[in-house]
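K.L.:
From first to last, the protein sequence lines are chains A and B. Going by our numbering, the letters in the first sequence line up with residues 21 to 316, in that order. Going by our numbering, the letters in the second sequence line up with residues 2 to 637, in that order. Where a beta carbon is used, it is the ideal one built from N, C-alpha and C, also for glycine. Keep in mind that this is a model prediction, so the values were computed, not measured.
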Amino acid sequence: MTTTTAPPLFDAAFVRKLDRLALLTRHAMLGETQGERRSPRRGSSVEFADFRPYTVGDDIRQIDWNLYARMERFFLKLFVAEEELSIHLLVDNSASMAWGDPDKLHFARQAAGAFGYIALSSLDRVTVTAFANEGGRVLPSVRGKRGAFPLFDFLQKLPVGRGGSFAEACRRYARTARNPGPLLLCSDLMDPQWEEGLRALTTRPFEITVIHTLAPQEIEPTLEGDFRLLDAEGGEPIEITADLETLRRYQEGLRQWRGEIESFCSGRGIAYIFADTAIPIEEFVLTHMRRRGAIR
Amino acid sequence: MSFLAPLALLSAAVIGPIIVAMYLLKLRREERTVSSTFLWKKMVRDVEANAPWQKLRRNILLLLQLLILALLAFALARPFFRTTGIAGKNLIVIIDRSESMGATDANGTRLDAAKQQAIALIDQLPDGGRATVIAAGGQMDVPASSSSDRRQLRDAIQGIQLRYSGSDLAQALTLASALASHEAESEVAVLSDGNASVPADLQVPATVRFFPVGSRDANLAVSALTLESSAAGQTMFAQVSNYGTAEASRRLDIYLDGELFNAYSLQIKPGQSASQTVEVPAAVHTVEARLDASDEDAQPLDDRAWAVSNAGEGSRIRIVGPGNRFLETALARLPNIQVTRMPTSTTTFTETAAQVPLTILDGVVPAQLPPGNLFFIAPPRSTAFFSVTGQVEFPALHPSTGEDALLRYVTLSDVHVRRATALVPGAWARTVVDGDGGPMLVAGEYEGRRIVVLSFSTHNSDLPLQVAFPLLISNVVSYLVPGSGADAAQIAPGQPLALPVDDSITAVRVTKPDGGVVEAVRESGQAIFADTTQPGPYVVEQYQGQKLVGRIRYAANLFSASESTIAPKSQLAIAQASGLQQAETQEQNRVGRQEIWRWLAAVALAVLVIEWLVYQRSGIAYLRERLLRRRSQPIR
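1) If you draw a straight line from the alpha carbon of residue 189/A to that of residue 197/A, how long is it in whole angstroms?
2) Report buried or exposed for residue 19/B, applying the criterion of at least 16 other Cβ atoms within 10 angstroms of its Cβ.
3) Tell whether a beta-carbon distance below 8 Å holds between residue 192/B and residue 115/B.
4) Closest Cβ-Cβ distance between residue 622/B and chain A: below 8 Å?
5) For residue 613/B, go through chain A and note every residue whose CB falls closer than 7 Å to its CB, in chain order.
6) Shortest alpha-carbon distance to residue 7/B belongs to which of 81/B, 25/B and 37/B?
7) Count the other CB atoms within 10 Å of the CB of residue 325/B; is the residue buried (16 or more) or exposed (fewer)?
8) Using the three-state DSSP reduction, which class does residue 7/B fall into: helix, strand or coil?
9) Have a look at residue 493/B and residue 307/B and give me their C-alpha separation to the nearest angstrom.
10) Anything in the stretch 232-254 of chain A with a Cβ closer than 9 Å to a Cβ of chain B? List those residues in chain order, please.
11) Beta carbon of residue 407/B, beta carbon of residue 430/B: below 8 Å?
12) Cβ closer than 8 Å: which chain A residues qualify as neighbours of residue 40/B?
13) Can you tell me the Cα-Cα spacing of residue 92/A and residue 67/A, whole angstroms?
14) Measure the alpha-carbon distance for residue 195/B versus residue 411/B and round it to whole angstroms.
15) Measure the Cβ-Cβ separation of residue 222/B and residue 256/B and say whether it is below 8 Å.
16) Between residue 263/A and chain B, is there a C-beta pair that is closer than 8 Å?
17) Kindly indicate which residue of 241/B, 376/B and 553/B has the alpha-carbon position closest to the one of residue 272/B.
18) Does residue 259/A have its Cβ less than 8 Å from a Cβ in chain B?
19) Looking at the structure shown, is residue 539/B part of a helix, part of a strand, or coil, going by DSSP?
20) Give me the Cα-Cα distance between residue 236/A and residue 297/A, rounded to the nearest whole angstrom.
21) Buried or exposed: which applies to residue 341/B, given that a residue is buried once 16 or more other Cβ atoms fall within 10 Å of its Cβ?
22) Could you pull the start and end residues of the alpha helix (DSSP H) that residue 102/B belongs to?
23) Using the beta-carbon count (16 or more within 10 Å), is residue 2/B buried or exposed?
24) Comparing the C-beta of residue 32/B with each C-beta of chain A, is any distance below 8 Å?
25) Of all the CB atoms in chain B, is at least one closer than 8 Å to the CB of residue 120/A?
26) Taking 8 Å as the CB-CB cut-off, is residue 638/B touching chain A?
27) Look up residue 203/B in the DSSP assignment and say whether it is helix, strand or coil.
28) Tell me whether residue 94/B sits in a helix, a strand or coil according to DSSP, three-state version.
29) Could you give the DSSP three-state label for residue 265/B: helix, strand or coil?
30) Is residue 116/A close to chain B? Criterion is C-beta to C-beta, closer than 8 Å.
31) Could one say the Cβ of residue 44/B lies closer than 8 Å to chain A's Cβ atoms, at least one of them?
32) For my contact list, residue 180/B and residue 133/B are in at a C-beta cut-off of 8 Å; report their separation, rounded to the angstrom.
33) Less than 6 Å between C-beta atoms, sequence neighbours within five positions excluded: which residues of the same chain meet that for residue 211/A?
34) Can at least three beta-carbon pairs, one atom from the stretch 264-277 of chain A and one from the stretch 617-624 of chain B, be found at a separation below 8 Å?
35) From the DSSP output, read off the bridge partner residues of residue 89/A.
36) Determine, using beta carbons only, whether residue 367/B and residue 321/B come nearer to each other than 8 Å.
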């Protein structure tokens, strides 16, 4: 287990660009404390929402006296509550992620950082969870732009864990997470039980975005000859004779797998974004994520 | 199968394990860490559906390498099969190309079979071996001499053509002996049907092996065909002989100048002959006798014969002398001869050699000799051709031992001579009959003229009273006037035609049996045409400018009983230094070696190429993919 002293996540210019962005949620979500987002609850903003009859115990300051003058009955004037959102960042920091050139884990950090920063700048609450075995970390929750420093610091120092069951991690998170809200999952999904994991997350009303991170070496391997492939997470090694035919089969399998994930996600309202780590993070956030409607 | 170098097989035992060991070493795969084997596992699961082939494919390079090794080791061991053939390093192949080899009882003709066998012998020649190819029959040819170039030898053998001639192996065997005596490990292979004459006194200093060809003996042949003037015009005489061992009945067709004239059915017992005499019109020039084609006849080449007539175009002969009744009687009996007598005192001769080809000078030598060929009888004084030194009384006659054409059918043993001229001929002359004190009969060619000198007068000998005289005169006239005489129009295939021509003749053209017209070569007063190998009628025409001044016909036939007797022999008696009297046939002991290492090496090479392709298969697949992709791209 190593503690990475990774390079800074972004430069200042990119951070400024992030300032102009905001998270998009598809529907209003419950929050805990007052924030800047519409909440399904009624609260104390300036925006009118509804009336309701007074019942004993209600705050009399909220009675609409103009209406009482007209109707001679007490009505409470309700305003739209503006609350903060809880943004969940799930980063897969298992050993398989610390591979590739550019590094997948670094890419995931950057993506999570960018997403988190955007959330913080709109006064949302951000929780980061890295769920690898022996490398699991949780950044409890930060709020406001002040929270950007702990967020970046946490992500930068995020160690590489060992393997671990992706599905189990997801299940645990779904069980324990409070305040479901937008959830960003950065993983390579290289787990036979990826489907179980995603399904577990959908049991709670998260609004899930999956950033499927793969290194170019995985998308288009350049192997030639006889190899014994060792699993970075300590799985069973496998012997292959790589020739053009084998590589063709591999890519066929990869394409099929991506197709499976995509159709699984679209069937369950999960936003699926495929990320090739060769794409610079700036381009990825500003172009790809925007195009997929994750941010505005 | 045996091996020349069996120890080479050990190399396989040594190198084989090395290859396997290297392969096992190579099998230790390079280790590579990947993020996850998840996707690879997925792929391998798909692939393992056809696992046995995959397993084999993994080892196919090893298997191919071991196969190459096995082939090469096998080739190095030089395996060979024992075959019918030869074992020596210096091979002399004698191929009989006589007429009897044209029999079609082998696969193709016997000559084809002999060629095949010869090529098989060349193929099993050991490395570094050399071979000489001799074609016997007719004039001997050596198309390939002491060559180790198999291609050249094969070409030489393939180039051998059938000759319409007898098969005399004497010359070929003499040459073979000379070649064999130079080199050790020589071997002579004779490829023939066995119908060949072998000299009795020759001993070949090498092993001689005889490879017989041919299987059947059934053969009918036109054995004689003549055309002679008669009272009613001309008489054709045809003789058909059965040289086989079974009775045969065939049809004989007679063609006159190319038109079918008559057909006769002949029934002939084995060893017997049937003859047919037919009166034909005087105007007929060419007669062809042809036996109808039959499967029972293995030799079709002798089923046709030709005879020609030069009637109406006879040669003129003049006699200068006091008059000689014996001579004139003998000449009068010769066909197509017109005799002119001239007195002894004649001194100038105006006719050209084309008009009068022969002058007989009977006891006279004019100051100015006439043009054309000359026949001197008892010349009284010396000429440019010979010197007369005196007289010889009662000389004994010694005919030459060889077969001289002038002495054909002639026996001179009972001839007595009272007085003869003592002659000293020039270097041009050959002595046909020798005698005490000088030659009695000489003949030869000098400056394009043929000259015969008889040293005694007919009046001083009992020769004119004997049967030999008209035959001798006939032979002499045939020699001096080609194209006259009883069978002068018959030539053997390959025998050159020579005609005396004088300077007024501008061209001599020969029409061959196949219709081709060839200009004859002129050389010192003679027109010579040597390409008479094709049997059939030849027409020789002499031109003065555009004017045809003389036409002589010849028929080339090989009337040879020995060549028509085609029964193959399995043994050929050739005396050899090894003590054997018989050239062995090879069925009893197989000494030939057929080496096959070249084939093994070739196969190994092919497998090597395959191995390389298998090794580079992904590269090849890559190239193919690129090619396909490029093809599918639209042309901009």
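P.N.:
Quick answer:
1) If I take the Cα positions, the gap works out to 12 Å.
2) The residue in question, residue 19/B, is exposed, as its Cβ has fewer than 16 Cβ neighbours within 10 Å.
3) For residue 192/B and residue 115/B, yes; Cβs fall inside 8 Å.
4) Taking Cβ atoms only, chain A reaches closer than 8 Å to residue 622/B, which makes this a yes.
5) Those within 7 Å of residue 613/B in chain A number zero; the least Cβ separation is about 15 Å.
6) Here the closest residue by C-alpha is 81/B.
7) Note on residue 325/B: 16 or more other CB atoms within 10 angstroms of its CB, so buried under the neighbour-count rule.
8) Three-state result, residue 7/B: helix.
9) Answer to the nearest angstrom: the Cα atoms are 12 Å apart.
10) Cβ contacts with chain B come from 234, 235, 237, 238, 241, 243, 244, 245, 246, 247, 248, 249, 250, 251, 252 and 253.
11) Result no, Cβ atoms of residue 407/B and residue 430/B do not sit closer than 8 Å.
12) Within chain A, the residues near residue 40/B are 210, 238, 270, 273, 274 and 277.
13) Cα-Cα distance, rounded: 24 Å.
14) Distance between the alpha carbons of residue 195/B and residue 411/B is about 32 Å.
15) Not in contact: residue 222/B and residue 256/B (Cβ atoms no closer than 8 Å).
16) Interface annotation, residue 263/A: in contact with chain B, CB-CB separation under 8 Å.
17) Checking every option, the nearest Cα to that of residue 272/B belongs to 241/B.
18) At least one chain B Cβ lies under 8 Å of residue 259/A.
19) Residue state, collapsed to three classes: strand.
20) Approximately 7 Å, taken between the alpha carbons.
21) Classification of residue 341/B: exposed, given that the 10 Å Cβ count is below 16.
22) Taken as a continuous stretch (DSSP letters only), residue 102/B belongs to no alpha helix (DSSP H), as it is neither H nor E.
23) By the 10 Å Cβ count, residue 2/B comes out exposed.
24) Closer than 8 Å: yes.
25) Yes - at least one Cβ of chain B is within 8 Å of the one on residue 120/A.
26) Residue 638/B cannot be examined here, being either before or after the span of chain B that is shown, 2 to 637.
27) Here residue 203/B sits in coil by DSSP.
28) Residue state, collapsed to three classes: strand.
29) Secondary structure of residue 265/B (DSSP, three-state): strand.
30) Interface annotation, residue 116/A: in contact with chain B, CB-CB separation under 8 Å.
31) At least one chain A Cβ lies under 8 Å of residue 44/B.
32) The pair is a contact, with the Cβ atoms about 6 Å apart (cut-off 8 Å).
33) Contacts found: 186.
34) They touch, by the three-pair rule.
35) Bridge partners of residue 89/A: none, in fact.
36) Yes, the pair counts as a contact, with Cβ atoms nearer than the cut-off.
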